[in-house]
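For reference, the structure discussed in these notes is given below.
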Amino acid sequence: MASIIQVSNLSKQFKDIHAVEDLSFTVEEGDVYGFLGQNGAGKSTSIRMLLTLIKPTAGSISIFGKDLSTNRNEILKQVGAVIEKPDLYKYLSAYDNLAIFAKMSGIKADKKLLMDQLKMVGLDERANSKVKTFSQGMKQRLGIAVALIHNPRLIILDEPTNGLDPQGIADMRNLILQLSREMGKTIVVSSHLLSEIELVANRMLIIHKGKKIVEGKVAELLDPSRSLVQIETSDNTATREKLQQTKWSSSLQNKEGKLQLKMNKEDVPQLIAELVAMQVQVISVDPMHSLEDYFLSLTTQPGHVESFAN
Amino acid sequence: MWNLLQIELYKIFRKPRTYLAFAIIAAFIFLIQLGLLVNGKDWMKFMLGSLDETMAFNYDELINGYAVCFVVLNLLLVHVPILVALVAGDVVSGEASMGTLRLLAAKPVSRTQIILAKYFATAVYVFALLLWIAIISLVISIAVFGTNDLVVAKTNGLQVIESNDVLWRYFCAFGFAFIAMMVVAAISLLLSVLSENSIGPIVATVGIIIVCTLISEMEIPIYQKYIKPYLFTTYMLGWKGFFYIGSTDDNETIRGSIQYLPGILKSIAALLVYIVALVGASVFIFRKKDILS
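Dropping the structure here:
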C-alpha cells in the first residue's frame, strides 16, 4: 500500500517549549489513523504542521509522495480538514459557508452539489439558516461538509467529537467509518477520547509531551495476548527484585511504584504459581487490556518508544 | 485571485458592521446640509467674520452645492479613517478570533494571495465609502443648493473658483482621499495581521492617526524638522491642494490651474510608498506566522 503521509523527525519549538519533538510516522492509503494523546500532548501542533498552519522547526512532511513545503497548494487541493472547533462564518448561512470554502478549494460547486453535501450531513433543511443559530453538533456537521466538499483523498479531523453529545459522537463515528469503508478515504483522526479511536481506527500513534510513545495497529495494541498485567503484592519492590532474577525480567515494565508485566494472558497462572513458590504474598492481579489502560500506563513513562507493528 | 477577491468582498458586504459606516456618513452629511439649508447665511456670516464688514457678499450665491460639499469634506474626511479602520482592522484578526483563519489558511491558496485579496477587498470598500460620500455630499448638495462659484479661504485671503472649474477638482480630491484612506487601511491590515482580536487593531489604528496628526500639527521646530516629513498624516490632507488655484502676477486666477501641484504629487508619492511598505510588511509577517488561533 502506498504511503499517504510520511513524517520524518518533525519538531516544533515555541520559545522554550518543545511542542513536538522528533516525531516520525507513516499513514498508509485507506488507513483510519488515530492520533492519540492527552490535552497538550502535541496532537494539534502536529496536525497544524500537516496543514501548513504552523511551520516546523525541524523535520520533513511528505504527503502523496510529495514534499509539503514545496508542493503545498497541489497537496492541499486533495486534503480536507476539520481543525478543533468547527468555526465558520456565523453571520452567513450554511449554504454560503459551504459555497465559500468550495470556491477556496478550487472547485466549481453548483447548487446541486452544495445541497447534496448539506443533505449528506443532514443540514439540507437548514441550508439558509445562519450558522449563529446552529448547535455545536450542527456546526460540526457543517464543518465536515466543508472538509468533504472537494472530494479529498485525505481527511484530517482534529478532535472531531469535541463538544458533541453522545448521539453526535455516534454519528461522527459512523461517518468516519462510512468515509473509510464505502468511499476509501484515508483519514487521520485525533482525539483524547481513546474509546472513540478504539472504535474507528485501524492504526494509531500515541503522543505524549510532544514525543511518540507508540505506533502500531490498533488490533495488535489491543491483542489480549499482549496484555499488561498489574500485580499488587505485600512488598512490590522486593517482588520486582525477585522477578528480575527470573525469565519474567524481560516482561517487567518500568512503572514506578507499580509492578506491571507485559505478557500473554495465558501465562498469568504460571506467574502466580512462581510468585507463590518464591513466597511472595500476592494481593491482586489485574489484567489491563483496554486501550485506555494501556495508554495511561504508557504516558506515565516518558521516553518509552516502541512499535508494535514491527 | 479573482475568486478570493469575490469571496472577501462577499464577506465584507454581508457584515452588518460594514453598513454602519454608510449610515453614519449619511446621517452626518444630512445634518450639515439641513443646518446650512435652514441657517446657512448666519453661519457663513460668522465664518467670514470681519471680512463681512469690508466686502459685500451675496450669500445666496456663496451657499451653493459646491460650497456645501467643501464644508462637508473639511469636517468629514478627518473622521473617515475611523470608519475605514472599522472594516480593515477586522479583516485578518476578525477571522482569527472567529476561528475561520485556520480554515482559510489550510486551503490551497497562498498566504500572499489571501492578504492581497483582503487588501483589495478593503480598497473596494473604501472606494464605495468615498463614492457614497461623493453622491450624498456633492450630488445631493448640488440638487438642493444648486451650483455657483466656489469661494475658498486661503491664508492670504479668499479666492474664487468659477463654477465651471470646480467639478474636476472634486474628482481629483476624492481620488486623493482614496489613496490617503488606503494608507489607513494598510496600517489597519498590518495591525490586524499582528493581532488575534478585532478591537485591538481598530483602536490602535485610530490611536496612531490621532498621535501622528497631533505631532504633524504641533508647531514645535524639532518635530517639524525631524518627524513631520516622515508622518503619513502630513500628506493626508493634500486633497485641499486641488482647491488652491494658480494666479498671475496681477493676482488674476488661472482657470484650470493648481497652485502647488508638485506638493500634491509629492504627497501622493509619499502615501504610495507607505502603502507598499505597510502591505509588504503585512504579507511578510503573515507568510511567516504560525496560525494558532
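As given, the protein sequences belong to chains A and B, one line each in that order. Here the first sequence is numbered in the numbering used here, starting from -6 and rising by one per residue. Here the second sequence is numbered in the numbering used here, starting from -10 and rising by one per residue. We treat Cβ as the ideally placed atom computed from N, Cα and C, and that holds for glycine.
When the beta-carbon positions are compared, V211 of chain A and N195 of chain A come within less than 9 Å of each other. In terms of Cβ geometry, A34 of chain A and L3 of chain A do not form a close pair [threshold 9 Å]. In the structure shown, A74 of chain A adopts extended strand secondary structure according to DSSP, grouped into three states.
Burial state of V69 of chain B is buried, judged by a 10 Å Cβ sphere holding 16 or more other Cβ atoms. For the segment 35 to 62 of chain A, the beta-carbon criterion of a distance under 8 Å to any beta-carbon of chain B is satisfied by R41, L44, T45, L46, I47, K48.
DSSP assignment within the segment 144 to 191 of chain B yields the following whole alpha helix (DSSP H) runs of 4 residues or more, N-terminal first: 156 to 183.
Taking a cut-off of 8 Å for Cβ pairs, the segment 244 to 256 of chain B and the segment 72 to 92 of chain B do not touch, as fewer than three such pairs fall below it. Not flagged as an interface residue toward chain A: V76 of chain B, since no C-beta distance is shorter than 9 Å.
For the segment 170 to 197 of chain B, the set of positions with a beta-carbon nearer than 9 Å to some beta-carbon of chain A is empty. What G88 of chain B touches in chain A, judged by beta-carbon distance under 9 Å, is I76, E77, K78, P79, D80, L81, going in chain order. By the neighbour-count definition (other C-beta atoms within 10 Å, threshold 16), D60 of chain A is an exposed residue. In this structure, DSSP gives T179 of chain A an extended state, which the three-state scheme calls strand.
Counted as a single uninterrupted DSSP element, the beta strand (DSSP E) harbouring G52 of chain A occupies residues 51 to 56. With respect to the 9 Å criterion, G27 of chain A and V182 of chain A are classified as neighbours on the basis of their beta carbons. Within the same chain, and ignoring the five residues on either side of Q253 of chain A in sequence, the residues whose Cβ sits closer than 6 Å to its Cβ are L221, Q223, Q246. For A10 of chain B, there are no C-beta contacts with chain A under 8 Å, since the nearest C-beta of that chain is about 16 Å from it. Going by DSSP, Q213 of chain B is part of no beta strand (DSSP E) but of the alpha helix (DSSP H) stretching over 210 to 215. Taking 8 Å as the cut-off between beta carbons, the residues of the segment 94 to 110 of chain A near chain B are F94, K96, M97, S98, G99, in sequence order. Per DSSP, reduced to three states, the secondary structure at L252 of chain A is strand.
Under the Cβ criterion of 9 Å, L105 of chain B is not counted among the residues facing chain A.
The C-alpha of N155 of chain A is placed about 7 Å away from the C-alpha of K78 of chain A. When the beta-carbon positions are compared, T111 of chain B and V67 of chain B stay at least 9 Å from each other. Taking 8 Å as the upper bound for CB-CB distance, L179 of chain B and A270 of chain B are in contact here, some 6 Å apart. Just so you know, the alpha carbons of E50 of chain B and A56 of chain B end up roughly 10 Å apart. Of the residues B:K96, B:I198, B:G164, the one whose Cα lies closest to the Cα of V115 of chain B is B:G164. For K48 of chain A, no alpha helix (DSSP H) run applies, since DSSP gives it neither H nor E. Here the segment 255 to 272 of chain B makes contact with the segment 168 to 182 of chain B; the two share three or more CB pairs at distances below 8 Å.
Taking Q263 of chain A as reference, the option from A:F94, A:G250, A:K240, A:K125 with the minimal CA-CA separation is A:K240. Boundaries for Q246 of chain A: no beta strand (DSSP E) harbours it, and the DSSP string shows neither H nor E there. Shown here, K278 of chain B sits in coil according to DSSP, grouped into three states, outside any helix or strand. Closer than 8 Å at the C-beta level to chain A, one finds these residues of the segment -8 to 21 of chain B: N(-8), L(-7), Q(-5), I(-4), Y(-1), K0, R3, K4, P5.
T19 of chain A places its beta carbon less than 9 Å from that of S(-4) of chain A. Residues of chain A whose Cβ lies closer than 7 Å to the Cβ of D138 of chain B do not exist, since the nearest Cβ in that chain is about 48 Å away. Within the segment 132 to 198 of chain A, the runs of beta strand (DSSP E) that reach at least 3 residues and sit entirely inside it are, in chain order, 147 to 151, 179 to 184.
Residue pairing by DSSP puts S220 of chain A in a beta bridge opposite A:M256. Here DSSP, grouped into helix, strand and coil, assigns G29 of chain B to helix.
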